[in-house]
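Sequence lines, in order, name chains A and B.
Going by the working numbering, the letters in the first sequence line up with residues 0 to 326, in that order.
Going by the working numbering, the letters in the second sequence line up with residues 221 to 623, in that order.
All C-beta atoms in this analysis are idealised placements derived from N, C-alpha and C, irrespective of residue type, glycine included.
Model, not experiment: these values are computed from the prediction.
The block underneath contains the structure these notes are about, expressed in structure tokens.
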Amino acid sequence: MDCVTSVYHQFWDQTRNGLTLGAIYAMIALGYTMVYGVLQLINFAHSEVFMVSTVVTLYAFRNWFNISEPITGVALVLVLVGALIPAMLASGGTAVAIERLAYRPLRKRGAPRLSFLISAIGASLFLQYLFVLMDGRHYILFLKLPPILGPSPQSIPAPMKTETVFTIFGTAVSNKRVLVVVVAVVMLFVLDRFVRRTRLGRGIRAVAQDAETAAMMGVNIERVIVTTFFVGGIMAGAAGLLYVLVLGIPAFWFIGFVPGLKAFTAAVLGGIGNIRGAMLGGLLLGMVEAYTVPCFGAQWTNVVAFVVLVLVLLVRPTGIFGEQVGA
Amino acid sequence: MTKKAYRAFAVVAVFALVAAACSKKTEQSNPSGGAAQKIDVTVYFQGAWTGPYNYLVVPSIQGAQLRAKELSADPSFPANITVGTADTQGSGDNAPPVVQQVVGDPNTVAVEGPAFSGETRASGDSYEQAQIPFVTQSATAVDLAQNGWTYWYRTVGNDDLQGGNDGKFLAQVVGAKKLFITNDKGDYGQPLSQTVGDAAKAEGVQIVGEEGVESTDDYSALISDIKASGADSVFYGGYDADFAKIVKQGVDAGLKVNWMSGDGSVSNTFLSDAGSAEEGVYLSIPSNLGGDFTAKYNQEYGSQASSVPVYAAEGYDAMSVIGEGIKQAIDGGATTPTDIRAGIKTYLDSLTVNNPYPGVAKPIAFDPTTHELAAVDPNSLLYFYQVKNGAMSPLGTAADVLK
Chain A
0 MDCVTSVYHQ FWDQTRNGLT LGAIYAMIAL GYTMVYGVLQ LINFAHSEVF
50 MVSTVVTLYA FRNWFNISEP ITGVALVLVL VGALIPAMLA SGGTAVAIER
100 LAYRPLRKRG APRLSFLISA IGASLFLQYL FVLMDGRHYI LFLKLPPILG
150 PSPQSIPAPM KTETVFTIFG TAVSNKRVLV VVVAVVMLFV LDRFVRRTRL
200 GRGIRAVAQD AETAAMMGVN IERVIVTTFF VGGIMAGAAG LLYVLVLGIP
250 AFWFIGFVPG LKAFTAAVLG GIGNIRGAML GGLLLGMVEA YTVPCFGAQW
300 TNVVAFVVLV LVLLVRPTGI FGEQVGA
Chain B
221 MTKKAYRAFA VVAVFALVAA ACSKKTEQSN PSGGAAQKID VTVYFQGAWT
271 GPYNYLVVPS IQGAQLRAKE LSADPSFPAN ITVGTADTQG SGDNAPPVVQ
321 QVVGDPNTVA VEGPAFSGET RASGDSYEQA QIPFVTQSAT AVDLAQNGWT
371 YWYRTVGNDD LQGGNDGKFL AQVVGAKKLF ITNDKGDYGQ PLSQTVGDAA
421 KAEGVQIVGE EGVESTDDYS ALISDIKASG ADSVFYGGYD ADFAKIVKQG
471 VDAGLKVNWM SGDGSVSNTF LSDAGSAEEG VYLSIPSNLG GDFTAKYNQE
521 YGSQASSVPV YAAEGYDAMS VIGEGIKQAI DGGATTPTDI RAGIKTYLDS
571 LTVNNPYPGV AKPIAFDPTT HELAAVDPNS LLYFYQVKNG AMSPLGTAAD
621 VLK
């Protein structure tokens with residue numbers, strides 16, 4: 000009973016929190032689900048694709064735009080776009096590089112499934128520890144690693160001041176949260192259209208349904224795979240910028256782990272391989288986590304989230320929307 | 221690239237990594253000079269020399285190195301102290317091989333550290349068995365004293381001292397009426413926040429919420445819950461980076477409360493991460509950040525000095541008592557590391573409340589049975605700070621400000 004009244008009192012607050020977090024989970028989840036759709040492979044290095052974007056975002060704010068205090072108007076839009084594009088490209092590029100170096104050589108040799116998993120974990124650890132060393136003090140032989148993370152501690156540039164845009168039933172919704180949801184919805188919509196309407200998108204769906212037949216029909220499989228990784232990467236890239244912007248946190252080497260794990264969970268929840276499933280799975284997971292706090296307390300967040308996952312999988316083993324590969 | 225080129229590249233890369241790893245290994249301070257008859261001894265410093273938490277430990281490493289350098293340069297001091305690197309990156313998982321290296325080094329006479337409580341639990345038995353004195357300057361978990369380690373000593377106050385006084389501080393100084401207790405569910409943060417809650421309750425403060433949240437990035441759900449609880453004050457047991465996120469996101473969400481945390485949050489990372497949200501935040505730490513030693517430290521390390529030198533003075537003092545032990549052992553006729561180890565222990569055991577070593581942070585004496593830091597008034601060992609204008613501003617010790 001206490002649980003219900005608490006949720007009732009905090010309903011709008013927690014809905015706002017859950018929607019913001021869920022939108023970010025959804026954007027990351029797409030990378031997992033698209034790669035799975037095409038290759039039946041879980042890209043466990045995807046959390047580091049996300050991490051790269053958070054690092055590039057803060058580096059851009061700090062070192063390119065010299066942000067020391069919040070700015071407004073056109074300048075703010077230019078700074079955000081000026082950081083968003085490189086962050087998305089860096090994440091997309093990282094995803095493509097992972098595919099090229101960690102997966103393609105295995106695919107060419109027809110390696111067993113397990114090898115891909117190990118390779119994924121290896122790529123993930125490699126990227127994490129590479130960024131640990133990027134504080135401007137470490138060398139590989141005579142080559143100094145770039146000081147992208149910089150020596151800690153550094154101030155966290157915050158280009159955007161938090162302001163309340165509107166209030167709904169006593170819950171203030173800030174401009175940053177509105178931005179997260181708007182950007183997420185636009186990007187998810189564009190992606191959905193891309194996969195459903197364009198030639199390349201059709202290629203992705205064709206390869207997901209039957210790679211061999213798709214190849215015989217003239218689909219360039221390698222190109223489809225690279226596109227899939229790149230598109231998943233740029234979605235994670237946009238998520239990375241929004242994540243550090245709304246939470247005001249520093250980028251660091253391990254930042255991708257928890258969001259990556261949650262996004263993977265969201266993808267499974269929605270039905271792995273299913274793009275719309277990943278979107279809704281992300282939102283659902285974000286909401287469940289948010290409502291758990293008033294109901295059971297913050298320490299139960301992960302327990303409840305994963306109990307929900309298990310229950311859903313017991314009833315629908317392929318996720319809420321089914322493992323509809325290539326939909 | 222051809223297959224051959226790939227292979228050549230791989231070989232070069234492996235060599236590069238090995239070379240890089242080897243070149244780091246010999247990072248020791250070995251001051252030159254000194255009389256020829258001086259005995260060479262090694263005191264290992266165990267803690268996070270590198271890794272994501274090293275900024276919490278580097279100031280005490282610097283303090284220890286400074287003291288070792290001074291002692292070795294002193295003509296009347298009978299030994300040359302090399303500060304050995306025992307780098308665990310602060311993790312208990314990494315400790316066993318590092319401890320093995322320390323125990324296996326025939327020149328080891330003592331260990332300063334381990335810096336964190338978790339790694340201490342993973343290391344203590346080995347040092348005890350090898351009969352190597354180990355003196356920590358910053359591991360504050362209460363249970364460390366309950367292992368029956370006779371070679372272990374602690375030169376700071378423990379978390380019970382801190383938690384109990386923090387609870388009183390919230391009631392008496394901050395004026396908390398409704399307190400929300402939260403922590404990172406860790407070995408350090410959870411017991412600390414519980415002690416604070418109990419102490420505050422005993423002072424008549426109402427506890428309106430108690431929640432643990434593992435380190436995460438988005439604390440909005442917790443903040444909404446704090447807001448709904450009607451708390452006027454929040455205590456967080458945990459580390460700086462997380463506390464900074466909570467304060468920042470809380471202030472951002474319009475939460476108006478008094479914030480407080482313990483020594484895990486006292487760092488320049490907290491100051492830089494929390495930004496303008498940190499103004500007015502209360503902190504406690506059993507380390508004197510503003511004593512005379514700080515000026516000396518800043519002069520020695522210049523731009524390398526930390527702006528919040530946590531446990532730097534304690535690191536210096538721990539090396540001082542180890543050094544004094546070495547001196548008395550050698551003056552008493554010890555020549556082998558084994559004899560010097562025994563001599564250091566004899567000296568440390570002789571430090572009592574009535575006969576302390578005059579450290580730069582405080583007089584150093586140990587409880588004869590637990591080897592906890594002892595003082596005439598233990599409350600003089602805990603310091604309170606408040607963030608003012610982006611810096612840690614001292615409020616005094618628990619003995620000064622509490623009833």
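Pair within 8 Å by beta-carbon distance, residue i and residue j
i: Gly272(A); j: Ala157(A); result: no
i: Asn385(B); j: Gly457(B); result: no
i: Leu399(B); j: Ser481(B); result: no
i: Leu286(B); j: Glu520(B); result: yes
i: Glu332(B); j: Ala538(B); result: yes
i: Val477(B); j: Ser507(B); result: no
i: Ser487(B); j: Tyr275(B); result: yes
i: Val292(A); j: Thr300(A); result: yes
i: Glu434(B); j: Gly417(B); result: no
i: Gly270(A); j: Gly318(A); result: yes
i: Ala59(A); j: Gly81(A); result: yes
i: Tyr408(B); j: Gly304(B); result: no
i: Met278(A); j: Ala25(A); result: yes
i: Leu622(B); j: Phe389(B); result: yes
As assigned by DSSP and simplified to three states, the class of residue i
i: Met278(A); result: helix
i: Gly254(B); result: Only weak support exists for where Gly254(B) lies, its pLDDT of 42 falling under 50; the value from the coordinates is given anyway. In this structure, Gly254(B) counts as coil in the three-state DSSP scheme.
i: Val131(A); result: helix
i: Asn274(B); result: helix
i: Trp372(B); result: strand
i: Gly484(B); result: helix
i: Leu593(B); result: strand
i: Ile542(B); result: helix
i: Ala171(A); result: strand
i: Lys421(B); result: helix
i: Gln321(B); result: helix
i: Gln248(B); result: Note that Gln248(B) has pLDDT 44, beneath the 50 cutoff, so the model's placement of it is unreliable and the number below is only indicative. Here Gln248(B) sits in coil by DSSP.
i: Phe389(B); result: helix
i: Ala250(A); result: coil
i: Ser243(B); result: The pLDDT assigned to Ser243(B) is 49, lower than 50, so where the model puts this residue is not dependable; a value taken from the coordinates is nonetheless given after this. Three-state DSSP puts Ser243(B) in a helix.
Per DSSP, the bridge partner or partners of residue i
i: Trp479(B); result: Val454(B)
i: Pro295(B); result: In the DSSP output, where bridge partners are listed per residue, Pro295(B) has none listed.
i: Tyr138(A); result: Lys143(A)
i: Tyr210(B); result: Since the displayed chain B opens at 221 and closes at 623, residue 210(B) lies outside it and no answer follows.
i: Leu116(A); result: According to DSSP, Leu116(A) bridges with nothing at all.
i: Val182(A); result: DSSP output for Val182(A) lists no bridge partner at all.
i: Gln606(B); result: Tyr502(B), Ser613(B)
i: Gly432(B); result: Asn403(B)
i: Ser165(B); result: Given that chain B is displayed from residue 221 to residue 623, the structure contains no residue 165(B) and the question cannot be resolved.
i: Tyr577(B); result: Ile584(B)
i: Lys398(B); result: Gln426(B)
i: Val355(B); result: Glu332(B), Tyr373(B)
i: Ile259(B); result: Ala299(B)
i: Phe165(A); result: Val172(A)
i: Thr572(B); result: Asn575(B)
For this session: Output, in sequence order along the chain, the residues in the stretch 421-440 of chain B whose CB is closer than 9 Å to any CB in chain A.
Result: Gly429, Glu430, Glu431, Gly432, Val433, Glu434, Ser435, Thr436, Asp437, Asp438, Tyr439, Ser440
For this session: Residues of the stretch 273-297 of chain A with a CB closer than 8 Å to any CB of chain B: list them in chain order, please.
Result: Glu288, Ala289, Thr291, Val292, Pro293, Gly296, Ala297
For this session: Pair every Cβ in the stretch 121-132 of chain A with every Cβ in the stretch 40-48 of chain A, then say whether three or more of these pairs are closer than 8 Å.
Result: yes
Exercise. Of the residues that make up the stretch 402-421 of chain B, which ones have a beta carbon closer than 7 Å to any beta carbon in chain A?
Worked result: Lys405
Problem set entry | chain B contacts from the stretch 112-135 of chain A (Cβ-Cβ distance under 8 Å) | Val131
Exercise. Would the stretch 261-280 of chain A and the stretch 299-309 of chain A be scored as touching if the rule is three or more Cβ pairs under 8 Å?
Worked result: yes
For this session: Evaluate the contact criterion for the stretch 300-311 of chain B versus the stretch 336-343 of chain B: three or more CB pairs, one atom per stretch, below 8 Å.
Result: yes
Exercise. Taking three-plus beta-carbon pairs below 8 Å as touching, is the stretch 59-69 of chain A in contact with the stretch 280-296 of chain A?
Worked result: no
For this session: Examine the Cβ distances between the stretch 9-23 of chain A and the stretch 205-221 of chain A and report whether three or more of them are shorter than 8 Å.
Result: no
Problem set entry | Near-chain A residues of the stretch 476-502 of chain B (beta-carbon distance less than 8 Å), N- to C-terminal order | Answer set for the stretch 476-502 of chain B: Ser487, Asn488, Thr489, Leu491, Ser492, Asp493, Gly495.
Exercise. Do the stretch 488-496 of chain B and the stretch 567-579 of chain B meet, that is, are 3 or more Cβ pairs less than 8 Å apart?
Worked result: no
Exercise. When the Cβ atoms of the stretch 94-102 of chain A are set against those of the stretch 112-129 of chain A, are three or more pairs found closer than 8 Å?
Worked result: yes
Exercise. Taking a cut of 8 Å between CB atoms, which residues from the stretch 303-333 of chain B lie near chain A?
Worked result: none
Exercise. Which residues, taken in chain order from the stretch 2-23 of chain A, show a beta carbon closer than 9 Å to some beta carbon of chain B?
Worked result: Ser5, His8, Gln9, Asp12, Gln13, Arg15, Asn16, Gly17, Thr19, Leu20, Ile23
Exercise. Using Cβ-Cβ distances below 7 Å, what residues of the stretch 462-474 of chain B are close to chain A?
Worked result: Lys465, Lys468, Gln469, Asp472, Gly474
Exercise. Taking any Cβ of chain A, which residues in the stretch 438-458 of chain B have a Cβ under 9 Å from it, in chain order?
Worked result: Asp438, Tyr439, Ser440, Ala441, Leu442, Ile443, Ser444, Asp445, Lys447, Ala448
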